[in-house]
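Worksheet: the structure to be examined is printed underneath.
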Amino acid sequence: MDNAKMGELIRDSRKEKGLTQKDIAEKLGITDRAVSKWERGICAPDIAYIEELAEMLGLTVAELIAGQRMEQPPAQEVESAIKETITYSQNEMKSKRKAASKRTWIAVGILLVLAIAITIGVLWYQGVFYKIGTYPSPDGKTITTVYSRMLSRGKAPSNDGFTLSDEGYYRGRHGYGEAEFRGLWWSPNSCYQVVSMDTEDGIWLALTDYTRNIGTNLTNRLERTLYECEFFADVPYDEEGWKPLITFEFLQWSEADPEVMQVYFCYTDKNGQFQEGYMWYDYETAEASGHMRLKQGEKESDPFYDLINDLMS
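Each residue of the sequence shown is one higher than the one before, counting from 1015 in my numbering.
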């Protein structure tokens, strides 16, 4: 196929028919720039346009392909064979394009499924599906996110504890193993954070001191402080003689003094009587004040203890 000869024939035949490049382009559904390229011999018409283009120009398909008019028109069998070949080629091209399109969509679908699976895996690994809630500091500079799983680098999330993740002014992550999250409270000055959790030994309190970047076992500090007060002289030790049997729960921070917190306590005294009350505790001085015993008697019959337990759980 000689592109130059075909282009010259297209141009001459078009002019003989009184057609413009735009007329041909509109009928074929293409641009007039494409017709111009044909006539200049830059490229040949797509096989899909050969038969219709020949008819528009008053040519046979054989003449258009040959790029010249023939003194004797080709035999009908030859012209039919050429048209059948063109039709076959067009169908083959459509079939291949359809197959290629199908393979493309299948590949896109597989990639999409893989992308979704990878995204879900990454989110699961990061603990997004185990997010309990967020706790912004009063000054808004730090946000603590709580996850109901232990999250560690290089390890899958485990369900034997929970994790706190700080973002913003303070950044970091720390987990509490073999415990269940109960509550979290920022101090008014955004310097301290108390966390309450359920453990095998009961309710446990932990405090993070952001000004010093240290973590503190608040329950142990409260126990040591109370055992120095005569008010709690009737609290028994456990069977091993060293671990105090006092249960604490955080109530609130003091608005007037950001290092002071109000704590609920309960225990069974040496006489087997259930005791409960609350006090104010200064974290910086480790001193307790404002002790108040609410009620003595049976634990099950005390509504205040049940109320506190319901609020914290």
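Ideal placement from N, C-alpha and C gives every residue a C-beta, glycine not left out.
These figures come from a predicted structure and were not determined experimentally.
Bridge partners of Gln1207 according to DSSP: Trp1200 and Thr1222. Judged by DSSP secondary structure, Gln1276 falls within the beta strand (DSSP E) whose first and last residues are Val1274 to Thr1282.
For Arg1187, the pairing in a beta bridge is given by DSSP as Ser1179.
By the neighbour-count criterion, in which a residue is buried when 16 or more other Cβ atoms sit within 10 angstroms of its Cβ, Cys1205 is buried.
Apart from sequence neighbours up to five positions away, the residues of its chain that approach Gly1191 with a beta-carbon distance below 7 angstroms are Met1164, Asp1174 and Gly1175, ordered along the chain.
C-alpha of Asp1223 to C-alpha of Glu1254: approximately 31 angstroms in a straight line. Here Leu1240 is not near Leu1219, since their CB atoms are 8 angstroms or more apart.
In this structure, DSSP gives Ser1166 a state outside helix and strand, which the three-state scheme calls coil. Taking a 10 Å sphere around the C-beta of Trp1119, we find fewer than 16 other C-beta atoms and assign the residue as exposed.
In the DSSP assignment, Leu1259 falls outside any beta strand (DSSP E), carrying neither H nor E. Per DSSP, the continuous beta strand (DSSP E) segment holding Gly1229 begins and ends at Ile1228 to Asn1231. The residue among Gly1197, Asp1153 and Gly1123 with its C-alpha nearest the C-alpha of Tyr1184 is Asp1153. For Gly1147, the three-state secondary structure derived from DSSP is strand. Note: Glu1194 is bridge-paired with Asp1212 in the DSSP secondary-structure output.
The continuous alpha helix (DSSP H) containing Gly1021 extends over residues Asn1017 to Glu1030.
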